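Working notes, structure below.
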Amino acid sequence: MSLLKIENLKVNIHGKEILKGFNFEVNPGEVHAIMGPNGTGKSTLANVLAGKDEYEIIDGSVTYLGKNLLEMPAEVRAREGLFLAFQYPVEIPGVSNANFMKTSLNEVRKHRNLPPLDAMDFLQLMKERAALVDIDKSFLNRSVNEGFSGGEKKRNEVFQMAMLEPRLAVLDETDSGLDIDALKVVSNGVNRLRNTNNAFVIITHYQRLLNYIIPDFVHVMYNGKIVKSGGKELAYELEEKGYDWIKKENWN
Amino acid sequence: MNNLKNKLIDSFQDFQNSTKLDKNSASYQNICTNFEKFSKLGFPIIKDEEYKYTKFTFLNNIDFNIPDKTKDTSLTYKDIESFLFDNINSNLLVFENGKINWRLTKIQSFRKVIIVGSLKEAIENNELVPNEISQNSHFPDDKLNILNQAFLNDGAFIQIPDGTDLYEPLHLAFFSDTRNDNYFNQIKNIINIGECCNIKIIISYHTIGDKNSFSNISTDLNIGNFSNVEFYNLQNDSNNSYIITNTNISQKRGSVLNSAAISLHGAFIRNNLNAIHLDEMCESNYNGFYYVDQNNFVDNHTLMIHAKPNCISNETYKGIIDDNAVAVFNGKILVKPNSPKINAYQKNRNILLTDTATVNTKPQLEIFTDDVKCSHGATTGYLEKEHIFYLKARGIDEDRARALLLNAFATEIIEKIKIDELRDEIKKDISKRLNVEDDFYFCEILESVK
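Each protein sequence line maps, in turn, to chains A and B. Mapping to our numbering: the first sequence position 70 is 75, numbers consecutive. Mapping to our numbering: the second sequence position 205 is 384, numbers consecutive.
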């Protein structure tokens, strides 16, 4: 059974059609990269999957682990193992990273019929996963993303992913705003979490990230649809030629 | 409204006939002057600018009586036990319907050093210099403060000598026993703090019984040179409680005031908090948090007078307003002529939880000197959708997400309370009300890994 299957998805925002019959399938163990020029609906796709409610679903279906994803509230999707690493993580003053993650992790565990982690075990896990993305433990006491640099925010997203161990992670431009070292740290985190049971969808503008996280498939999205799919060599081709040839091919 | 006023006029006649005060004394004269003023002015009406949003209509609906001051106090430890803070070893002063209850008042070992007592007794025994009774000349007249001074009211009279570093806080607990009747109680506190002291003060209000209580409490707090004072005004009473406080603070050279007004419950709360810097190098930090629901009303009026150069004031009031509740914030900063090098900041933030909740907020700056830094800002809004979605995207449902965010909103103020046990107690109250677990054990462990 596929992990995620999107069929003919059409989505509007404020009456404007963004996704125009989107088809996509992800199986366990796979890493997909979605590339494409600005404004083609990549982030919309990520937000629709995560359950943001300002989008209007016009047509199509999204099946996640055999269930209708579009009917699930956002929090249930997360508990079912779907994770979105935000393009622009928000700052939440006053809520500490530790308290946030503890609440989050225990909600997810409850959904999986696991007992809540006690404080010591939780802390142990947190330290271990923080080390994975090279985050200093002092950050655990800081408010969620408050005063974080762009790179720290993105690392925090990957840290949260490491904590929640999702089945399907969607990384929305997690590489933008990262310097080369941070890029390595983030990629390394993702690579360590990869296994045959889970899958990643990586939305990116640059081929650079794909040097570190080797994708099984690369898709090019244009005008609300996937217009081209291939192996990782497609990413090199895009890097070299830009998106113009894709645009020309799909001129209509 | 006139009903209570008439009762007060009658009770003044009783006072005149029975008082032990010398009719020529300054105290007596002061009382008479204020009584005349009160008879003329009465209770505030909404035409009074400072009471524009504050309606005293409850005085028309509830028939308040004035407790018989000749009656002995009757509350026992059992009555008040549940209202006291569990883990705080404080010096407790208990007042019952406007009268000190000596049996429940518990002053610890330093009694020899500081003077703690009943203000009424002190005045009657002539232990006070007359001008100590009225030091409100710096601040504008307030009708309820006038009413407060129109009688010989009891309250705490505290003198702290120079150099006192008090570990245990002073806790002034005002009880209204309304098991038999609706009562109007007045209290007047005078707290004089000497030089280089370190003092913490907690004030709390409690109604015992189902009938209504209306309390009018005035406090004069005079802080000496280089002293450090923590002042916590806690209002977590019931739906039959109507509270008015007037707090007038004067600060001398190099003194620091940290105040927090926490209003969690009560049918009607009005706090007037006024402070003035009488010398240079003073610092005042006003903090406030209110969380009102149902048909409750809370109103914070603050006034910071900068009368000398080189001083700082910092004010942050935050509020959550639920159901049909109404909140008012009016913060005024006045920088008098010839007081340059002032830093004065003010901030008021409100979160409305329903469409029927109301906030009236008004920051005011009046600056008569050049070379000062002042700012103010007020915001009112709903919880950020983006924040809620972020938490939902991590498996946290909407209700819990909202509760976490509101708890965090309150935390900024509550964290400023420097008595740890009190801070935790209030945090617990708020978390409980929001239905979020605040895992203190977890927090402690976290502290340890810092």
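Even for Gly, the Cβ is constructed at its ideal location relative to N, Cα and C. As the structure is a computational prediction, the values presented were derived from the model and not from experiment.
Check: Against chain A, which members of the segment 554-588 of chain B pass a CB distance test of less than 9 Å?; Outcome: Glu563, Lys564, Glu565, His566, Phe568, Tyr569, Leu570, Lys571, Ala572, Arg573, Gly574, Ile575, Asp576, Glu577, Arg579, Ala580, Leu583, Leu584, Asn586, Ala587 and Phe588
Check: Would a check of beta-carbon distances place glutamate 244 of chain A closer than 8 Å to chain B?; Outcome: no
Check: Hey, how far is the Cα of threonine 198 of chain B from the Cα of lysine 611 of chain B?; Outcome: 48 Å
Check: Any C-beta of chain A within less than 7 Å: which residues of the segment 587-605 of chain B qualify?; Outcome: Ala587, Phe588, Thr590 and Glu591
Check: Can you pull the chain B residues whose beta carbon is under 8 Å from the beta carbon of serine 109 of chain A, in chain order?; Outcome: Leu570, Arg573, Gly574 and Ile575
Check: Determine the contact status of leucine 169 of chain A and phenylalanine 88 of chain A, defining contact as a CB-CB distance below 8 Å.; Outcome: yes
Check: Taking 6 Å as the limit between beta carbons, can you name the residues of its chain near threonine 398 of chain B, skipping five residues before and five after?; Outcome: Asn368 and Thr426
Check: Chain B partners of isoleucine 18 of chain A, CB-CB under 8 Å?; Outcome: What isoleucine 18 of chain A touches in chain B: nothing, since even the nearest Cβ is about 15 Å away.
Check: Roughly how many angstroms lie between the CA atoms of isoleucine 500 of chain B and valine 175 of chain A, to the nearest whole one?; Outcome: 37 Å
Check: Looking only at its own chain, which residues have a Cβ that is under 6 Å from the Cβ of glutamate 409 of chain B, when we skip the five neighbours before and after it?; Outcome: Lys379, Asn437 and Lys597
Check: Report the residues of the segment 163-174 of chain A with a CB closer than 8 Å to any CB of chain B, ordered along the chain.; Outcome: Gln165 and Leu169
Check: How about asparagine 244 of chain B and tyrosine 362 of chain B: do their beta carbons lie closer than 8 Å?; Outcome: yes
Check: Find out if the Cβ-Cβ distance for the pair aspartate 177 of chain A, alanine 51 of chain A is shorter than 8 Å.; Outcome: yes
Check: Going by DSSP in three states, aspartate 478 of chain B sits in which element: helix, strand or coil?; Outcome: strand
Check: State yes or no: is the beta carbon of leucine 89 of chain A nearer than 8 Å to at least one beta carbon in chain B?; Outcome: yes
Check: Let's see if you can read the secondary structure: which residues bound the beta strand (DSSP E) around methionine 77 of chain A?; Outcome: Taken as a continuous stretch (DSSP letters only), methionine 77 of chain A belongs to no beta strand (DSSP E), as it is neither H nor E.
Check: Determine which residues share a DSSP beta bridge with leucine 188 of chain A and list them.; Outcome: None; leucine 188 of chain A has no bridge partner.
Check: So which residues of chain B does lysine 57 of chain A contact, with C-beta pairs closer than 7 Å?; Outcome: Phe568
Check: Per DSSP, what kind of secondary structure is isoleucine 224 of chain B in: helix, strand or coil?; Outcome: coil
Check: List the residues that DSSP assigns as beta-bridge partners of cysteine 490 of chain B.; Outcome: B/Ile521
Check: With a cut-off of 8 Å on the beta carbons, I'd call asparagine 342 of chain B and isoleucine 372 of chain B a contact; round off their distance for me.; Outcome: According to the sequence as given, residue 342 of chain B is glycine; it is not asparagine. So it is not a contact: roughly 11 Å between Cβ atoms.
Check: For the segment 194-256 of chain B, list the alpha helix (DSSP H) runs that are entirely contained and at least 4 residues long, ordered along the chain.; Outcome: 205-220 and 237-240
Check: Could you compute how far the alpha carbon of aspartate 344 of chain B sits from the alpha carbon of glutamate 462 of chain B?; Outcome: 19 Å
Check: Let me see if you follow: with CB-CB separation under 8 Å, is alanine 83 of chain A close to chain B or not?; Outcome: yes
Check: When you measure from the CB of asparagine 266 of chain B to every non-hydrogen atom of the ligand ZN, does any distance come out below 7 Å?; Outcome: Within the structure as shown, the ligand ZN is missing, as the structure has no ligands at all.
Check: Any idea which residues DSSP pairs lysine 511 of chain B with across the strands?; Outcome: B/Leu482 and B/Gln543
Check: Between the segment 138-154 of chain A and chain B, which residues of the former have CB atoms less than 7 Å from a CB of the latter, in chain order?; Outcome: Lys142, Ser143, Leu145 and Asn146
Check: Looking at aspartate 64 of chain A: is its Cβ nearer than 8 Å to the Cβ of asparagine 13 of chain A?; Outcome: yes
Check: What residues in its chain sit with their C-beta under 8 Å from that of lysine 72 of chain A, if we drop five residues either side in the sequence?; Outcome: Glu85
Check: Examine the Cβ distances between the segment 469-488 of chain B and the segment 506-524 of chain B and report whether three or more of them are shorter than 8 Å.; Outcome: yes
Check: Is proline 309 of chain B close to chain A? Criterion is C-beta to C-beta, closer than 8 Å.; Outcome: Because proline 309 of chain B sits at a pLDDT of 49, beneath the cut-off of 50, its placement in the model cannot be relied upon, and the following sentence gives the value as read from the coordinates. Taking Cβ atoms only, chain A never reaches closer than 8 Å to proline 309 of chain B, which makes this a no.
Check: Per DSSP, serine 463 of chain B forms a beta bridge with which residues?; Outcome: B/Leu436 and B/Ser492
Check: Spell out whether any CB of chain B is found under 8 Å from the CB atom of valine 113 of chain A.; Outcome: yes
Check: Can you name the residues of chain B whose CB is closer than 7 Å to the CB of glycine 99 of chain A?; Outcome: Ala587, Phe588, Thr590 and Glu591
Check: Can you tell me whether DSSP reads tyrosine 60 of chain A as helix, strand or coil?; Outcome: coil
Check: Using 8 Å as the Cβ pair cut-off and three pairs as the minimum, do the segment 67-83 of chain A and the segment 541-559 of chain B touch?; Outcome: no
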